[in-house]
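**Q** Here you go, one structure.
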Amino acid sequence: MDMVFQLLFQGIGIGSVYALVALGFVLIFRATNVVNFAQGEFSMVAAFLMVIFSVDLEWPYWISFLLSLGGMAIYGALFNLGVYFPLRHRTYLPVIISTIGASILVSNSTLALYGPQPQVLQPLLDFPGFNIGTVYLDAQYLLIIGLTVVLVAFQYWFFEHTLLGKKLQATSQDKEMASLLGIPVATMIMLTFVYSAMIGGLAGILVAPILFVSIHMGGTIALKAFAATIIGGFGDVAGAIIGGLALGVIETFGAAYVSVPYKDGFAFLVLVAFLVFRPQGIFGERVAEKA
Amino acid sequence: MPLIELKNVSVRYGEIEALRGVSLSVEAGEVVTLLGGNGAGKSTTLRAISGLTKPASGEIIFEGKSMTGLGPEEIVRLGIAHVPEGRRVFPGLTAHENIMLGASNRSGVSKDQIDQEADAMFDLFSDIRPFQHVLGWTLSGGQQQMVAVARGLMAKPKLLLLDEPSLGLAPVIVSKVFEIIKEIRRRGTTVLLVEQNARMGLSVADRGYVLETGRLVVTGKPDELWNNEDVRAAYLGGHARTAAKA
Ligand SMILES: Nc1ncnc2c1ncn2[C@@H]1O[C@H](COP(=O)(O)OP(=O)(O)O)[C@@H](O)[C@H]1O
Ligand SMILES: [Mg+2]
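Chains A and B, in that order, are what the protein sequence lines are.
Residue numbers for the first sequence follow numbering that gives the first Met the number 0, so the first one is 0 and each next one is one higher.
Residue numbers for the second sequence follow numbering that gives the first Met the number 0, so the first one is 0 and each next one is one higher.
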């Protein structure tokens, strides 16, 4: 039984990371109707920024953390201006290809700068964790879960209780109508990219001490996040969170009870199963958010 | 000086010439209706005014200034609100939220004030008051139309563009919508109203224009238009005569 709790804890921890990335994914999808294939690189770039600031330059950890998040805000803005904005009046296809191009460019630039060997990042907190009974609560996982809860609560408040949040929702539902009302659509989309890059980056920084920091981490994380959005129902914000958590738990239990080397395989197994048997996701179509 | 003036405006969609040299004007305080059959170019005229569609040639002058080159976000800030065809209520936002967003063109207004103004809208649109916290997609066509008009009024427009507010509504609801248009008129807002329903359009208007395949064909006071054989033939089902004329 303790084993179950232990795995559940770890699964929710890693699932929170997937949930954050999936959330960024969904927000961009809803604002632009485009799947961003360079979403995973948000996490990778942020992790490498952390390596630059805290390992290479040896700056204090929290300063590096804030600088990296600030860097991701700028990265998100540049990404919008370079990858999406010039193609905003085109169909989704050129934009998707543009994001794939950006993904290749960014990971290969990183490869050129840092080489293929993975980098190591220390955990954010100094103390390792503690036991409750025989269940070991790792501090990094606790931090991930805690920050995810805070962020999700903040986002809920922001979208439901601020005028800016409503304007962002309106933009994602009908851009032409939003512009007719005087909502600055380009600015709304810019904000979406900035926020999405920041939460994707936060996920990357948080997961970096658990995984290695490598140019491949973006691709892995993006695929997990993509699977999470399929599980939760594509384009659904709450679904992305639930899907991310579910995927983290499934893969952790799969690794423990079935096979460790195939850990990443479970994500794809679940993805394929959902696409075949329940393509509308756990909750099914939400008319409210389609129409 | 008219509040708004279109001078020789032409609009093309690729090969299709949707408007061919349309010139019209609306004086401050007037309600003007733009009539015409399906595909005549009525919506295109409104889209050209609100900046959704760029004219290929011609000029649109608002309060004496040319609006050439302005986009919809800037035009609504000048005081032109466009309630488009099909209502376009945000499906995932409530009626109240939809209406609040109508004030997005006004700067320096607090959220509380917008909230109160949106509440006050339900005095004029009392039918939708019970549905104010319901999501847009669940509203009926008539309710959505009222939300759309209320949202347009929240912009405090000098000129309100209404595109076929009666489209697809039951007759009872149509008369309710037109009661509201009459009230808007009483309050002094200038309105350019697009209608296929000539009788309803003319019933609230000071003047009317009739569009046919991208050209203005007749203009006049409601009773002049109403008593004009050609207009009646064209818009009250006398297709044979229109065809013979063309
Ligand atoms: N987005 C568009 N692309 C191509 N043609 C269009 C478009 N919108 C309208 N049209 C064409 O322009 C003409 C005028 O359309 P519209 O202004 O919508 O007419 P109305 O509102 O009077 O029914 C029609 O022939 C229509 O098919
Ligand atoms: Mg029309």
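Backbone N, C-alpha and C define an ideal beta-carbon position, used for all residues, glycine too.
Is the closest heavy atom of ligand 1 to the C-beta of residue 196/B under 7 Å?
**A** No, ligand 1 has no heavy atom inside 7 Å of this Cβ.
**Q** List, in chain order, every chain B residue whose beta-carbon is nearer than 8 Å to that of residue 183/A.
**A** 72, listed in chain order.
**Q** Any Cβ of chain B within less than 8 Å of the Cβ of residue 235/A?
**A** Not an interface residue.
**Q** Given a threshold of 16 other Cβ atoms within 10 Å of its Cβ, counted over all protein chains shown, does residue 133/A qualify as buried or as exposed?
**A** By the 10 Å Cβ count, residue 133/A comes out exposed.
**Q** Taking beta-carbon pairs under 9 Å, can you tell me which members of the segment 166-178 of chain A lie near chain B?
**A** Cβ contacts with chain B come from 166, 168, 169, 171, 172, 173, 175, 176, 177 and 178.
**Q** For residue 106/A and residue 214/A, I'd like the C-alpha separation in whole angstroms.
**A** One C-alpha to the other measures close to 6 Å.
**Q** What would DSSP say about residue 155/A, mapped onto helix, strand or coil?
**A** Note: residue 155/A maps to helix in three-state DSSP.
**Q** Taking only three categories from DSSP, how would you classify residue 117/B?
**A** Reduced to three states, the DSSP call for residue 117/B is helix.
**Q** With a 10 Å radius around its C-beta and 16 neighbouring C-beta atoms as the bar for buried, classify residue 238/B as buried or exposed.
**A** In this prediction, residue 238/B scores a pLDDT of 41, lower than 50, which makes its location untrustworthy; no coordinate-derived value is stated.
**Q** Can you pull the chain A residues whose beta carbon is under 8 Å from the beta carbon of residue 96/B, in chain order?
**A** In chain order: 165.
**Q** Just the chain A side, please: which residues come within less than 9 Å of residue 51/B by C-beta, in chain order?
**A** Within 9 Å Cβ-Cβ: 175, 178 and 179.
**Q** Let me know if residue 0/B comes out buried or exposed under the rule of 16 or more other beta-carbons within 10 Å of its beta-carbon.
**A** Exposed, because fewer than 16 other Cβ atoms sit within 10 Å of the Cβ of residue 0/B.
**Q** Buried or exposed, going by whether 16 or more other CB atoms sit within 10 Å of the CB of residue 112/B?
**A** Counting Cβ neighbours within 10 Å, residue 112/B comes out exposed, since fewer than 16 surround it.
**Q** Excluding sequence positions up to five away, which residues of its chain have a Cβ less than 6 Å from the Cβ of residue 82/B?
**A** Correct list, in chain order: 147, 148, 151 and 161.
**Q** Along chain A, in chain order, which residues have C-beta atoms closer than 7 Å to that of residue 103/B?
**A** Ordered by position in chain A, the residues that pass the 7 Å Cβ test against residue 103/B are 166, 180, 181 and 182.
**Q** Below 8 Å on the Cβ atoms is my contact criterion, and I expect residue 167/A with residue 11/A to pass it. Report the Cβ-Cβ distance as a whole number of Å.
**A** Not a contact, Cβ separation roughly 28 Å.
**Q** Would you grab the beta carbon distance between residue 242/A and residue 219/A for me? Rounded to a whole angstrom, and I think it's under 8 Å.
**A** With 8 Å as the limit, residue 242/A and residue 219/A do not qualify as a contact, their Cβ atoms being about 16 Å apart.
**Q** Within 8 Å of any Cβ in chain A, is that where the Cβ of residue 152/B sits?
**A** Closer than 8 Å: no.
**Q** Identify, in the order they occur along the chain, each residue of the same chain with its Cβ nearer than 7 Å to the Cβ of residue 254/A, setting aside the five sequence neighbours on each side.
**A** 262.
**Q** Taking 7 Å as the line, does the beta carbon of residue 27/A fall inside it for any heavy atom of ligand 1?
**A** The answer is no for residue 27/A.
**Q** Got a sec? Which residues, its chain only, sit under 8 Å from residue 91/B by beta carbon, not counting five neighbours each side?
**A** Closer than 8 Å at the Cβ level, and outside the excluded window around residue 91/B, lie 134, 135 and 136.
**Q** For my contact list, residue 138/B and residue 197/B are in at a C-beta cut-off of 8 Å; report their separation, rounded to the angstrom.
**A** Actually they are not in contact, since the Cβ atoms of residue 138/B and residue 197/B sit about 28 Å apart, beyond 8 Å.
**Q** Below 8 Å, how does it come out for the segment 197-212 of chain B and the segment 30-46 of chain B: are there three or more Cβ pairs, yes or no?
**A** Segments in contact, yes.
**Q** DSSP puts residue 15/A in a beta bridge; with which residues?
**A** According to DSSP, which records beta bridges pairwise, residue 15/A is partnered with nothing at all.
**Q** Run through the segment 76-161 of chain A for me and flag every whole alpha helix (DSSP H) of 4 or more residues, listed as ranges in chain order.
**A** Counting whole runs of 4 or more residues, the segment 76-161 of chain A contains the alpha helix (DSSP H) stretches 91-113 and 138-160.
**Q** With a floor of 3 residues, list each beta strand (DSSP E) that falls wholly inside the segment 72-98 of chain B, ordered by position along the chain.
**A** Taking only runs of at least 3 residues, the beta strand (DSSP E) segments lying wholly in the segment 72-98 of chain B are 79-82.
**Q** Taking the beta strand (DSSP E) that residue 252/A belongs to, which residues open and close that run?
**A** Run containing residue 252/A: none in the beta strand (DSSP E); it sits in the alpha helix (DSSP H), 236-256.
**Q** Which two residues bound the contiguous alpha helix (DSSP H) that contains residue 343/A?
**A** Beyond the ends of chain A as shown, which are 0 and 290, falls residue 343/A; an answer cannot be given.
**Q** In whole angstroms, what separates the C-alpha of residue 15/A from that of residue 73/B?
**A** In a straight line, the C-alpha of residue 15/A is about 41 Å away from that of residue 73/B.
**Q** Just checking residue 37/B against ligand 1 - is the residue's beta carbon closer than 7 Å to any of the ligand's heavy atoms?
**A** Within the cutoff, so yes.
**Q** Whose CA, out of 13/B, 34/B and 4/B, lies closest to the CA of residue 22/B?
**A** Among 13/B, 34/B and 4/B, the Cα nearest to that of residue 22/B belongs to 4/B.
**Q** How about the segment 135-154 of chain A and the segment 259-273 of chain A: do they share at least three Cβ pairs that are nearer than 8 Å?
**A** With a cut-off of 8 Å, the segment 259-273 of chain A and the segment 135-154 of chain A do not count as touching, because too few Cβ pairs lie within range.
**Q** Note down, in chain order, all residues in the segment 55-71 of chain A with a beta-carbon under 9 Å from any beta-carbon belonging to chain B.
**A** Within the segment 55-71 of chain A, no residue qualifies.
**Q** Using a cut-off of 9 Å between C-beta atoms, extract the partners of residue 110/B located in chain A.
**A** In chain order: 161 and 162.
**Q** How would you label residue 128/B, buried or exposed, when you count the other beta carbons within 10 angstroms and need 16 or more for buried?
**A** It counts as exposed.
**Q** Does the beta-carbon distance from residue 180/A to residue 106/B come in below 8 Å?
**A** In this structure, residue 106/B does not lie closer than 8 Å to residue 180/A by Cβ.
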